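Just so you know, the sequence shown maps onto residues 1 to 1125 in UniProt numbering. In this text, a Cβ means the ideal position worked out from N, Cα and C, and glycines have one as well. Predicted model, so just to flag it, every value in this text is computed and none were measured. Below is one structure, written out as structure tokens; comments come after it.
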Amino acid sequence: MDCGIYTFRAHGMMYHNLRSFSREVGAEHKHLELYFYDDDPSLEHRYRKCRQEQLEKDKAVIKQLVDILKGNPYSEHLRSMGHVDNIEDYHIALNLDQTLNQKLYNVPITSEVAAVWIEGSERRGQFSNSVMLHGKDRSSHGIRSYHGCYDALSYPLFFPKGELGWHANIPKSNVSMDEVDAYRDQHRRSDANNDDTERPSHLCVSVRDYYCYRFQIRPSIFNPILHGKRLFQQFAVDTYIKIESSRLDFIRKNQDRLRADLYKGLVDSLHEGENRADKIGKRTVLSTSFIGGPRDMRRRYMDAMALVRKFGKPDIFLTMTCNPNWDEITRELLPMQSPQDRPDLVVRIFRAKLEELKKRLTKHDILGKIRAYVYVVEFQKRGLPHVHFLLIMQRKYKLTCPDQYDLLISAEIPDKKKYPELYKMVIKHMMHGPCGLLNPKCPCTKGRASCKNHYPRAFSNATSQGKDSYPIYRRRDDGRVDRSMLTAYFEANRLHEEARGILYRDFPEWYTLQQGKVWQRRKRNTGGQVGRIVSAYPAEGERFYLRLLLNHVTGATSYADLRTVDGDTLPSFREAAQRRGLLEADDTIDECLNEAAIYQMSSALRSQWVKTFPLPAIIDKYDDSHGTDREIYEEESIEPTAEDVAMKETLNEEQRSAYDKILSVVDTNNGGVFFVDGPGGTGKTYLYKALLAALRSQDKIAVATATSGVAASILPGGRTAHSRFKIPLTIDDGAVCSFTKQSGTTKLLQKAPLIIWDEASMTKRQAIEALDNSMRDIMGRPELPFGGRTVVFGGDFRQVLPVVRKGSRAQIVAASLRSSYLWESMCHLKLVQNMRAQSDPWFAEYLLRVGGGTEEANNDGDVRLPDEVCVPYTGNDRDLDRLIDDIYPNLNENMSNTSYITSRAILSTRNDWVDMINMRMIDRFQGEQMMYHSFDTAVDDPNNYYPSEFLNTLTPNGLPPHVLKLKVGCPIMLLRNIDPANGLCNGTRLVVRGFQKNSIDAEIVLGQHAGMRMFLPRIPLCPSDDEMFPFQFKRKQFPIRLSFAMTVNKAQGQTIPNVGVYLPKPVFSHGQLYVALSRATARSKVKILAIPVHDEKKKKGVERNSVINGATYTKNIVYKEVLTP
């Protein structure tokens, strides 16, 4: 309790209660009961309450207190009762209104303050106004502030001899009690006991006068009140309440003079509607002279408005705050005192200075001639007074423009060399803070993220008029700031060219801060230094935006340089961050739609609206007036092309056999479940297209889906299975799809005789089982798989299996379709003939051996890669450049060639390697560049535990990177199902045709929607795996990635004529090597860069035998238990 400023606060009136003086059996002695102990027991009782380490000191203090109270009549009287037997039979009466002997001024004696009698005896010495204390009666009795014994009982240390405090019968100097009594007799009213109203105010001392007298400083006279420290503060508050109580009592008992009869019951009647008469009482009306009352406040307000009406609006708002360190206060303090211990001294000095300020303002015209003014004095929460002035100047001295503001007001720190004294005063008395993160306990920050007064303020080269009528004062960035790490960083950028490419947060890694705050280049890079910028909350304003810029902008040489974007120096860091795209503007959605409106027709604009807002898609020709559900309408609108209808004539023998078996059960009552099994290139997609065309040409509905968006985009009318069947992202055993029985999806599935699900080997069995559970329900046939509908699954278990985060081999196998109860009920159709690699039969056989795990391996378990597909490894960065040159030869000459861009890709197993290759490729790519930064947040993180620069480094699977660098003509891949009906699904490949600040113009280049132009907006994205982070991560970014390179999983289901494979480390999951190699059509179209790895089990630095006699080996992982026989 010794830290901070002691504050004593009271609400309403104060009461001090006196309880029984007899202790209950087993209860602890407290309050009044302590008076009835003998000296030694009472001291021992107090000793037990002492802290052991302060025992001796406390003994001396307690003994001194007991000695002081020995002369107190209340203490003596009650102490004398300690030897009385059967004390519970005794009653005590305390005299509340003793008469002060004006001639002797002596202290009261025990017989004057209290009387004692035994239960049943005659009451002797009964006082006219008293409080009864009973033996074991636990009732409480109040002593009001106007009772003479109030101060002596409440503050015995200030009135150790039981002296009377203020009461109603203290005559003024040169006034006798006889005069007072004569006046009372003459004006006595009907109520003889109502003495307070009879008091002649002109003859008796008021409560305010009395305590002003007690608080005075008198040389050579000891005043215990002024030495009371915290008790003095409490006494001062108590005194104020006593003064206010006295005024309120007068008002309450003189309501007739205040015309209160006009208000009696009126408000209560209105509130109660005049139907509850028992609730209507008498309301006390405060007079306008009662300071702080509502009528007083309104009177003052109307007075001020009258001045404004007469002389115009106020020109200057002036505040003076009391400074407890003023010399006039500190030199008057007694030894061991602080300003908070002397509220009397503080307010007197403040009052004197206030009068001097008024004199200088109104008489000396230090701010110009004043026409009128008003002011109010207030007390801060910590007890210091301050005053607010509103000054209305004469016409000649009115402030009408910002230039005139600068003549009176300066918001800049004075020059330390030119005005040293003024500089010291401003720094000491007029600087706000430290607050915010530098001092979270500061009153302006406590309980908030930043300063409530919005400090520090932004720089401003000139004073201007603010939007809220308050000026924005001139606060120039003239370089006169204390040298800091940041200013030294600016200087290093000016002096050292190599420093200009390093972010401020990374500077300690390359430079060291010397004495004098100068950055010096490290002689050697130890790699152990990690820089960090002090965190800031978004609510801190410019400080947060400065930090945001420093985390993204390199080479800045000054604060102004940080605010310069495209040659324009902006007035604030916020505007600079927003111009650079680091900060989301408030009108982003409006700008996005405006950008789309410039380039798009109405139908595309509606599509843009759907992508920007999570609303159902709008189809121009759809009309539900005829009762057709949207899902059915979309499927019935798909018309097969003549080329697709003719495919059945060109099927090979295996495909034709599967085609006939499937169609033979489509229209039967019990349907069938099929699994088309075949390695990549055997024509599974060709078979699906023939089946779809056959049914659609008969005006039947065939639903085409696939696990991946890329595979779905290849099928006519294809959709991802998750979007078509409403499969939950997080799914467990026994789950169902989220569509209802009355939905359009239900009616579509009931009407469709055939459902195709491609790449089913990639999906978790729980998703397929969820569709089975739902279809058994909606078809009303729970005994049949999928409710008796014909469902065709397709896939290749040699390829990548379902992704199980951090899953073991057993968990991955258990999540695959091979482990489902549906597997045994499926009819297995095998395709063996490789149609993709017909020109290279050896390569087709090699792929089957790799996929089946039968390719010969060396002692390390690695398989040999064909020599002609390997890029020689030399150990330098040129190795990756050679791989890029092999896959993307003559890049700059073919930038506008869409078929060239989309017919090749580099595959890798990890997203960070893919991102690295894409960044290299976009730097090679010529053309206009645009950089888009994401807006990252951790949901429900009020304490900013996850700063933005940390969130920016995260790139979870399925989310775009923080920095997205694009150029016209570059290939991109969509990462979300935005508009599957129009080809915008996860995995769709597009080419950038243009970009604006808030939208991207792109063209679909593969699949059934090839050639369609789309506008893509920024959308909020979250990782599909909620358990990836200990917080909910949200990124607002364009849902795309560059697709010069992509992961092996993304490439599954695609045919890529020219494939590069980059393996800095071996594959880590089943089927990855097989998928990477099988995307191409021949050995001549594949290039692999496999970097040798170090065997951790062998001597450090020794490479595994990745290259033996010129041949290249790499790991191949195959889970043979999931392969079909």
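For the alpha helix (DSSP H) assignment, the uninterrupted runs of no fewer than 4 residues enclosed by the stretch 758-828 are, from N- to C-terminal side, 765-779 and 809-815.
When only Cα atoms are considered, ASN325 and ILE502 end up about 47 Å apart. Nearest to ARG483 by C-alpha distance, out of GLN514, ASN461, HIS454 and ASP365, is GLN514. Just so you know, the alpha carbons of PHE925 and ILE1117 end up roughly 35 Å apart. Contact between LEU754 and VAL666 holds: CB atoms are separated by about 5 Å, below the 8 Å threshold. The secondary-structure analysis by DSSP pairs ALA905 across a beta bridge with VAL1059. The stretch 553-563 and the stretch 490-506 touch, with three or more beta-carbon pairs separated by less than 8 Å. From the listed residues GLU855, VAL871 and PRO872, the smallest Cα separation to ARG864 is found for GLU855.
Between the C-alpha atoms of TRP913 and ILE1088 there is a straight-line separation of about 14 Å. When the five nearest sequence neighbours on each side are left out, the beta carbons in the same chain lying within less than 8 Å of the beta carbon of LEU231 are those of TYR155, LEU157 and PHE158, in order along the chain. Secondary structure of SER464 (DSSP, three-state): strand. Around the CB of TRP842, fewer than 16 other CB atoms lie within 10 Å, so the residue is classed as exposed. By the CB criterion at 9 Å, LEU361 and ILE370 fall inside the cutoff. The beta carbon of ARG574 lies closer than 6 Å to those of TYR545 in the same chain, with the five residues before and after it left out.
In the structure shown, the three-state DSSP call for GLU1003 is strand.
The stretch 724-754 is shown to contain whole alpha helix (DSSP H) runs of 4 or more residues at 744-751, in chain order.
About 6 Å separates the beta carbons of SER934 and LYS1036, which is inside the 8 Å limit, making them a contact pair. Straight through space, the alpha carbons of GLU949 and GLN750 are spaced by roughly 51 Å. As far as DSSP is concerned, THR288 takes part in no beta bridge. At a Cβ-Cβ threshold of 9 Å, LYS1120 and GLY852 count as neighbours. As for any alpha helix (DSSP H) of minimum length 4 sitting wholly inside the stretch 475-522, the runs are 485-495 and 507-510, ordered along the chain.
If you look at HIS432, you'll find it isn't in any beta strand (DSSP E); DSSP assigns it neither H nor E. Non-local beta-carbon contacts of THR288 in its own chain, meaning distances under 7 Å to residues more than five positions away in sequence, involve ARG295, ASP296 and ARG299 in chain order. Rounded to the nearest whole angstrom, the C-alpha separation of LYS661 and LYS1115 is 39 Å.
Separation of PRO440 and GLY433 (C-alpha to C-alpha, rounded to the nearest whole angstrom) is 10 Å. Apart from the 5 residues on each side of it in sequence, LYS396 sits with its Cβ closer than 8 Å to the Cβ of GLY368 and LYS369 in its chain, given in chain order.
Taking 4 residues as the shortest admissible run, the stretch 318-390 contains the following complete alpha helix (DSSP H) segments, listed from N- to C-terminal end: 327-330 and 343-362. Leaving aside the five residues that flank GLN1054 on each side, the residues in its chain whose CB is nearer than 7 Å to its CB run, in chain order, VAL710 and ARG1079. Per DSSP, the beta bridge partners of PRO171 are CYS204. Relative to the Cα of MET1014, the nearest Cα in the group THR988, VAL736 and LEU687 belongs to THR988. Taken atom to atom, the span from the alpha-carbon of ASP178 to that of ARG214 is near 25 Å. The C-alpha of MET320 lies about 25 Å from the C-alpha of CYS212. When DSSP states are grouped into helix, strand and coil, ILE972 belongs to the strand group. Leaving aside the five residues that flank GLN255 on each side, the residues in its chain whose CB is nearer than 7 Å to its CB run, in chain order, THR284 and VAL285. Rounded to whole angstroms, GLY466 and VAL426 show a C-alpha spacing of 24 Å. For the 9 Å CB-CB criterion, ALA536 and GLY436 form a contact.
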